[in-house]
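Numbering (full-length UniProt numbering), first residue to last: 1 to 206.
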């Protein structure tokens with residue numbers, strides 16, 4: 001099981017404190033939000049959701065705090081760096097703009113020694129399920145996330161929000177069958193009676 005890099009924790013705290021001082025609405029997102037809510041650790045980078053209209057102010061505040069801004073070809077995020085550690089400032093999730101309603105659903109959670117808004121568990125799961133595609137369809141990491149967060153998730157909202165994705169529907173049938181969710185897929189799938197354990201974590205492959 002991988003551990004969270006201490007330096008990444010410090011970067012996450014610095015970004016959160018800077019955005020709070022600047023009065024910019026935001027929420028910790030991505031793998032680090034999963035970790036903050038009790039899921040598997042994130043070891044790569046740290047993601048923050050904010051509104052598109054707040055991106056310029058956020059970059060200015062973070063630059064003043066010592067981070068560097070790097071141009072990127074994507075039109076749905078901005079990249080900043082704290083030394084060599086990457087921070088993604090994301091203003092669209094699966095092609096939909098991050099809005100104030102989404103940010104207001106976030107919960108205040110202590111990360112390290114700093115309390116910060118962490119993306120709602122249902123929004124985390126929705127975003128990850130809608131990211132599945134023909135070229136990105138490894139269910140194993142998401143099974144660990146779903147098991148860790150299952151008591152925090154509004155599964156009815158997840159089903160409704162991801163209904164257009166055949167990959168999300170297939171995943172929810174699987175979680176029903178494994179006993180992670182209780183009928184979330186709406187297919188009447190019954191959990192396998194012989195199931196003893198669904199791993200909380202997974203081994204990353206090179």
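Don't be surprised by glycine CBs; every beta carbon is placed ideally from N, CA and C. Nothing here was measured: the structure is a model prediction, and the numbers come from that model.
(Q) Quick check on this structure: which residue in 131, 81, 36, 134 has the alpha carbon closest to the alpha carbon of residue 108? (A) As a working note, residue 108 is residue 108 in the chain shown. The shortest C-alpha separation from residue 108 is found at 36.
Q: Throw me the rounded Cβ distance for the residue 65 and residue 18 pair, which I believe falls under 8 angstroms.
A: The residue labelled residue 65 in the question sits at position 65 within the chain shown. The residue labelled residue 18 in the question sits at position 18 within the chain shown. With 8 angstroms as the limit, residue 65 and residue 18 qualify as a contact, their Cβ atoms being about 5 angstroms apart.
(Q) Can you give me the C-alpha to C-alpha distance between residue 110 and residue 152, rounded to a whole angstrom? (A) Numbered from 1 along the chain shown, position 110 holds the residue referred to as residue 110. Numbered from 1 along the chain shown, position 152 holds the residue referred to as residue 152. If I take the Cα positions, the gap works out to 16 angstroms.
**Q.** Rounded straight-line distance, which links the Cα of residue 105 to that of residue 67
**A.** Sequence index remark: in the chain shown, residue 67 carries index 67 (1-based). Sequence index remark: in the chain shown, residue 105 carries index 105 (1-based). C-alpha separation (whole angstroms): 28 angstroms.
**Q.** Limits of the beta strand (DSSP E) - the one that residue 117 falls within
**A.** As a working note, residue 117 is residue 117 in the chain shown. Segment 114 to 118, the beta strand (DSSP E) holding residue 117.
**Q.** Contact under 8 angstroms by Cβ, residue 49 with residue 130
**A.** Here the question's residue 49 lines up with position 49 in the chain shown. Here the question's residue 130 lines up with position 130 in the chain shown. No.
Q) Within this structure, are the beta carbons of residue 39 and residue 149 separated by less than 8 angstroms? A) For the purposes of this step, residue 39 is taken as residue 39 along the chain shown, with counting starting at 1. For the purposes of this step, residue 149 is taken as residue 149 along the chain shown, with counting starting at 1. Cβ distance < 8 angstroms, so residue 39 and residue 149 count as in contact.
Q) What do you reckon, are the CB atoms on residue 89 and residue 55 nearer than 8 angstroms? A) Here residue 89 is taken as the residue at index 89 of the chain shown, counted from 1. Here residue 55 is taken as the residue at index 55 of the chain shown, counted from 1. A contact, by the Cβ cut-off of 8 angstroms.
**Q.** Continuous alpha helix (DSSP H) assignments of at least 4 residues falling wholly in the segment 2 to 33
**A.** 6 to 21
Q. Taking C-beta to C-beta, are residue 85 and residue 7 nearer than 8 angstroms?
A. Position 85 of the chain shown, counting from 1, holds the residue named residue 85. Position 7 of the chain shown, counting from 1, holds the residue named residue 7. Contact: yes.
Q.
If the criterion is Cβ atoms closer than 8 angstroms, does the pair residue 77 and residue 27 meet it?
A. Your numbering for residue 77 matches position 77 in the chain shown. Your numbering for residue 27 matches position 27 in the chain shown. The answer is no: Cβ separation not under 8 angstroms.
(Q) Among 169, 29, 31, 52, whose alpha-carbon lies nearest the alpha-carbon of residue 96? (A) Counting from one through the chain shown, the residue named residue 96 turns up at place 96. Among 169, 29, 31, 52, the Cα nearest to that of residue 96 is on 52.
Q. Roughly how many whole angstroms lie between the Cα atoms of residue 125 and residue 160?
A. As a position in the chain shown, residue 125 is number 125, starting the count at 1. As a position in the chain shown, residue 160 is number 160, starting the count at 1. Each residue's alpha carbon lies about 12 angstroms from the other.
**Q.** Beta-bridge partners of residue 90, as assigned by DSSP
**A.** In the chain shown, residue 90 corresponds to position 90, counting from 1. BP columns for residue 90 point to 49, 77.
**Q.** Contact belief for residue 170 with residue 162 at Cβ below 8 angstroms, rounded distance in angstroms
**A.** Your numbering for residue 170 matches position 170 in the chain shown. Your numbering for residue 162 matches position 162 in the chain shown. Wrong, their Cβ atoms sit about 11 angstroms apart, outside the cutoff.
Q) Mapping DSSP to helix, strand and coil, what is residue 40? A) Residue numbering aside, residue 40 sits at position 40 when the chain shown is read from its first letter. Residue 40 falls in the coil class under three-state DSSP.
Q. When we look at the beta-carbon of residue 138 and count the other beta-carbons within 10 Å, is it buried (16 or more) or exposed?
A. As a first step, residue 138 is located in the chain shown; it is residue number 138 there, counting from the start. Its Cβ having fewer than 16 others within 10 Å, residue 138 is exposed.
Q: Please list, in chain order, all residues of the same chain as residue 112 whose beta carbon is under 8 angstroms from its beta carbon, the five residues on each side excluded.
A: For the purposes of this step, residue 112 is taken as residue 112 along the chain shown, with counting starting at 1. The residues are 9, 10, 12, 13.
Q: For residue 117, count neighbouring Cβ atoms within 10 angstroms of its own Cβ and tell me buried if that reaches 16, exposed if not.
A: By 1-based counting over the chain shown, the position of residue 117 is 117. Buried, since its Cβ has 16 or more Cβ neighbours within 10 Å.
Q. Around the C-beta of residue 140, are 16 or more other C-beta atoms found within 10 angstroms, so that it is buried, or is it exposed?
A. Taking the chain shown and counting its residues from 1, one reaches residue 140 at position 140. Its Cβ having fewer than 16 others within 10 Å, residue 140 is exposed.
(Q) I believe residue 46 touches residue 80 by the beta-carbon criterion, under 8 angstroms. Please report the beta-carbon distance rounded to the nearest angstrom. (A) Against the chain shown, residue 46 aligns to sequence position 46. Against the chain shown, residue 80 aligns to sequence position 80. Contact doesn't hold; Cβ gap of about 10 angstroms is too wide.
Q. What's the C-alpha gap between residue 24 and residue 173?
A. Taking the first residue of the chain shown as 1, we reach residue 24 at position 24. Taking the first residue of the chain shown as 1, we reach residue 173 at position 173. In a straight line, the C-alpha of residue 24 is about 39 angstroms away from that of residue 173.
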